[in-house]
Amino acid sequence: MGKIHPINRGWLEYLCTIIDGKAGTMIKVFKFGGASVNSVERIQHLATILEQYQQDKLVLIISAMGKTTNALEKVAEAFYAGNQAEAIQLFHVVKQQHLTTAKYLLVT
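Counting from 1, position 46 in the sequence shown corresponds to residue 46 in our numbering; the numbering is continuous, with no gaps.
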């Protein structure tokens, strides 16, 4: 969780220019995979990790919540197979999972 991945130097300097207006600025890049954000507890843990870097310039790359991409692929497959009812039902499951997670994050 919270690994810093190396990025092509030219791309990073370009990103620094966009964020800070100059190259050479130190920016920490974090990439969090889907398992890192697949529950309320893990999202809260991610926030705890990031609190340590409040004074730093950060770039966060956060994947979709665990298994969301697979679920959305099933929605698309059902839709393109002509099964709109199934596509809508599958989409509502994904939507409800995200709304439930968001609700708990707002409460806790």
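Don't be surprised by glycine CBs; every beta carbon is placed ideally from N, CA and C.
Following the DSSP letters along the chain, one finds Lys57 inside the beta strand (DSSP E) bounded by residues Lys57 to Ile62. Taking C-alpha positions only, Met26 is separated from Thr48 by approximately 21 angstroms. For the pair of segments examined, the segment 38–55 was found not to touch the segment 83–96: the number of CB pairs separated by less than 8 angstroms stays below three. Linking Leu50 to Arg42 through their CA atoms gives a straight-line distance of about 12 angstroms. Under DSSP, Val29 takes part in a beta bridge, and its partners are Val59. Here Leu60 has Phe30 as same chain residues with Cβ atoms under 6 angstroms from its own Cβ, once five neighbours each way along the sequence are excluded. Per DSSP, the continuous alpha helix (DSSP H) segment holding Val93 begins and ends at Gln84 to Val107. The three-state secondary structure of Lys67, taken from DSSP, is coil. Counting the other Cβ atoms within 10 Å of the Cβ of Val37 gives 16 or more, which makes it buried.
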